[in-house]
Structure formats: C-alpha cells, structure tokens
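Residue numbers (the working numbering): 234 to 711. The next block holds one structure in the form of structure tokens; read it before the comments.
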Ligand SMILES: *Cc1c(COP(=O)(O)O)cnc(C)c1O
C-alpha cells in the first residue's frame, strides 16, 4: 500500500495533467457503453437529447456522435442554431409529434436530416409544399410513424403513406418506418409492435418494388434496444442511457401564493404515457417551519410541518409522525402516516413528535401520491432528516385491454384497478403500496414494477425543487 502511494506521489505533474485531459465526461462514458452494446451490429445510433442542454450534445459530438434526435420544434431550433458553428456535421432527427402549422419551421432547421414521425398524407403534402417553397434540392427523409397511442398511422396506412411519398412527393425521400411501441408491450420479448413494424417494411418493399435494405427500421430506445436489434432494427433512438434522466416534467418553481389561488387554470390534459402537468414548491410560507405545495393536474395539495417538538406522549426513543388530513379520508391518513414514518430518520428524534398537516385543496386523482410527495418536500423544508427523497406515483390497470395508464385524472373508468406506490430510490425500498381492485399475483407484480418505473421519473424533479428552494437561502448548508 505504502509503496504504491509513494509511486503515485512521484508521478510527474505533466502525467497528471495529461490524465485529466484524457478524462471523459459522464455523457461520453455513457455513450461509450451504449456503443459497446451496438458493437459489431450495423445499427445507427441516434442520441436523443430532448430536455438536455446543447452543451451535452456538443460533448457527444466531440466524441464522434453525429445523429441526434429532438422532440420539440422550438427546442430543436434553439439547439440547431446554438450548435451550427461548433458542430457543422451534426444530423438532426425530428422524432416528436408533427403539428401541421409547425411544418415550415421544421423544414427551415439547420442540418435537419430526417423527420421520423410523419403520420398522414396531410403532413406529407405540407412538407412537400414547404420544401418546394424553400427550393430544397436535397430530399427530406421521412419515416412513417406507427405510434398508435399518439394517433400515428396504422400498419395499413403506413404502407399507403410510403407509396404516397414515393409517387406524389418529389421533395421527400422515404427513409423507412419508425415506432415507439406501446407502453404495455415495452417489456415483451419479442416485442409485438416491432414485429408489426418489420412486416410493414416488408409489405411496402414488395408493393413499391424497392429493396428491404434501402428502408430503415427505426425502433428501440434505452430500455428495449437489445430486443429491437434482435428484431431487425437499423436505427435505435437512445436518450436516457446516454444523457441520464430527463426532467420530463417542466415544473414551475416560482409559485407565489397568488398563483396558488388560480386553481382553475391548471389542466388534467395528458398523454397516456406521461404525467399530468406537475408543479411543486418546497417552502411556501416564510414563517411556517416547513411547507410545500404540489399540483398534479387539478389535484392540489398543501402541507405544513410542525415540529420536532418534545412530546410527553411519545415515550419511545424514536420520534413519532402524526398526520392530519383536511378531508375525512381516514384510509389516506393511515397510509400517509406509515409512508412518512418510513422515510424520516426517526431514531434521530427521540421522544419528539412531528405534526404533518395535509390540506387537499382539490381532488382530481392521485391524491395519495401527491400527499406523499408534498409531505416529503415540507419535511425537507423543515430540515427534518430523511433517508432519501421519495418518489410516488399513481397508475391504473384496465383489465379489458390489459393496459396501464399513468397518473390518470379522476373520475376513473369503473373497471380500473388503481395502484399507488411510493419508494426511496437510493435504498431500493418501497414505503407505500396500495392496490384497489383484484389482480392476480403476476398482474400485481407487473403493475407494481410499472408504477415504480414511472414514479422514478419524478426523482430529478423532486431533487430540483429542493435544491432551488435552498438556493435562495445562502445560510443553509445542505
Ligand atoms: C424520448 C424518446 C426516445 C428516447 O427514449 P429513452 O428511453 O430516453 O432512450 C426515443 N424515441 C422517441 C420517439 C422519444 O420521444
């Protein structure tokens, strides 16, 4: 050990410097491990950079990545402009839902390589018109997208659409076919959605008389790219595995009390695989010890924490959590109390009591998970020591279609089975599970893992909410 230490300490300074310059960023290391998974296979890697800064895109570019995917026109436009000088060979893929009125803007983007999500003849006609107008001499590549959950083309329509592009759109080149795959099939091997996409390509190639190898199959993301490649993918779109978790949900941080009164304005609108719009604020009142507010769609919860204070009624060496809920909802109260007690380091607070006062201001589904999240934020704001920042989520299972919906607004369909979970991600510990309705053992296992997986998407949001609440208080040491 000592010899080793001496050896290291005697290394010349320049060696250390050159070592540092050889150090890769996390993004570049992640990129290397994704490439290792693709090694030896002729599959293109499209790095999906949505919600991540242009700086991260540049890091990948400097590590020889050229193809990048973005979902939102404005975000793509901004990054394309920021990077057009430093990354001249970049190739952008638009992979978000196409809105007709944004098509001229999409066509004007620097270094646009392919639009992967063309769903209808209406889209194609609009692209054709916009491209003819800017006199583009290169053909825009499109993939017809088969995204049934988001209203994409059906298999039959995708084939027809391909023929339409070939016959009617001289400014457009058909590049291939893409699918995201449905949420419920995402863990299946083989994945039935990928099977369908491969058959769409085959049918098109026969009808149009073009070779299979000239048509791409864009399928496979971070969690299912191995399956997709085994099923013939030629282009995978990988985000999380390269750039880390996205703050999928754009939360509002600067919520004032006046804003909170405008309760009617937030909406329950969402897509099946995402959460409703969410806002959270850690620390709402100046004078109260700990407080937090959360909105998930139209569900709104405010929490105040009082304590720790010494309580003669708590005889044990561990502290005690007492929860009050404004509504007469006893079941929620008991479950909330047990979840909160599991996240607080109660051994550090002997003979002390915490009051967690929860006010459900408006109910529109997912109350228990919203209460758990808001309570955690209020406890952090009160400087109470937690084992970990919890995440929580509410999903439903629809037995007829055997499908899941994330964070549904109420009222729920009558047959829906409702599942709420909360967990401490770093400890890999569940602190709350509630299943309302009858599920088989296999189904409940699947439901719990689905709910946990999606709840984890809230972790960066929770973290950021906490950090931003302490950034305004320079005296606080985290
Ligand atoms: C976000 C996104 C991806 C990347 O997903 P990850 O799970 O982060 O790899 C791929 N394709 C589309 C269409 C996307 O919207």
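Heads up, the beta-carbon is just placed ideally off N, CA and C, and yes, glycines get one too.
Check	Outcome
Same chain, Cβ closer than 7 Å to residue 612, five either side skipped, listed in chain order	523, 538, 577, 619
Proximal residues to residue 779 (C-beta, below 8 Å), its chain only, five neighbours per side dropped	No information on residue 779 is available, as it lies outside the stretch 234 to 711 that the chain covers here.
Inter-residue Cα distance where the pair is residue 599 and residue 511	12 Å
Segment contact flag, the region 255-267 with the region 302-309, C-beta cutoff 8 Å, min 3 pairs	no
Contacting residues, own chain, Cβ-Cβ under 6 Å from residue 642 (five flanking each side not counted)	501, 530, 597, 598
8 Å Cβ cutoff met for residue 470 and residue 454	yes
Residue 385 Cβ short of 7 Å to ligand 1 heavy atom set	no
Where residue 666 falls: helix, strand or coil (DSSP)	strand
For residue 363 and residue 337, believed in contact at Cβ under 8 Å, the rounded distance	5 Å
Reference residue 350; option with closest CA among 616, 451, 606	451
DSSP three-state assignment for residue 557, whether helix, strand or coil	strand
Whole beta strand (DSSP E) elements within the region 311-364, 3-residue minimum	324-327, 345-351
C-beta atoms of residue 573 and residue 589 nearer than 8 Å	yes
Burial state of residue 297, where buried means 16 or more other Cβ atoms lie within 10 Å	exposed
Chain-order list of residues whose beta-carbon lies under 6 Å from that of residue 482 (same chain, five-residue window excluded)	Confidence at residue 482 is low in this model, with a pLDDT of 44, below 50, so its placement is unreliable and no value can be given for it.
Residue 340 vs residue 367 beta-carbon contact at 8 Å	yes
For residue 292 and residue 261, believed in contact at Cβ under 8 Å, the rounded distance	6 Å
Bounding residues of the beta strand (DSSP E) (the contiguous stretch that carries residue 407)	405-411
Enclosing beta strand (DSSP E) for residue 460 [first to last residue]	That residue, residue 460, is in no beta strand (DSSP E); its alpha helix (DSSP H) goes 458-463.
Whole-number beta carbon distance between residue 534 and residue 592, since they are thought to touch under 8 Å	7 Å
Spatial neighbours of residue 575 in its chain, beta-carbon cut-off 6 Å, leaving aside the 5 residues before and after	664
Every unbroken beta strand (DSSP E) within the region 261-296, with a cutoff of 3 residues, ordered by chain	277-281
Assigned secondary structure, residue 653 (DSSP; H/G/I helix, E/B strand, else coil)	strand
Contact test: residue 546 Cβ vs ligand 1 heavy atom, cutoff 7 Å	no
heavy atom of ligand 1 below 7 Å from residue 452 C-beta	no
Where the alpha helix (DSSP H) through residue 435 begins and ends	425-441
C-beta atoms of residue 712 and residue 625 nearer than 8 Å	What is shown of the chain runs 234 to 711, which leaves residue 712 out entirely.
Residue 696 to residue 319 span [Cα, whole Å]	32 Å
Member of 648, 515, 603 whose CA lies at the smallest distance from the CA of residue 640	603
Per-residue burial, residue 352 [other beta carbons within 10 Å of its own, 16 or more giving buried]	buried
For residue 343, the nearest candidate out of 310, 358, 355, 329 (CA to CA)	310
Rounded C-alpha distance that separates residue 446 from residue 434	10 Å
Through-space distance from residue 557 to residue 567, alpha-carbon basis	10 Å
Nearest-angstrom Cα separation, counted from residue 268 out to residue 279	11 Å
Status (buried if at least 16 other CB within 10 Å, exposed otherwise) for residue 456	exposed
Boundaries (first-last residue) of the alpha helix (DSSP H) holding residue 629	Not the alpha helix (DSSP H): residue 629 falls in the beta strand (DSSP E), residues 624-631.
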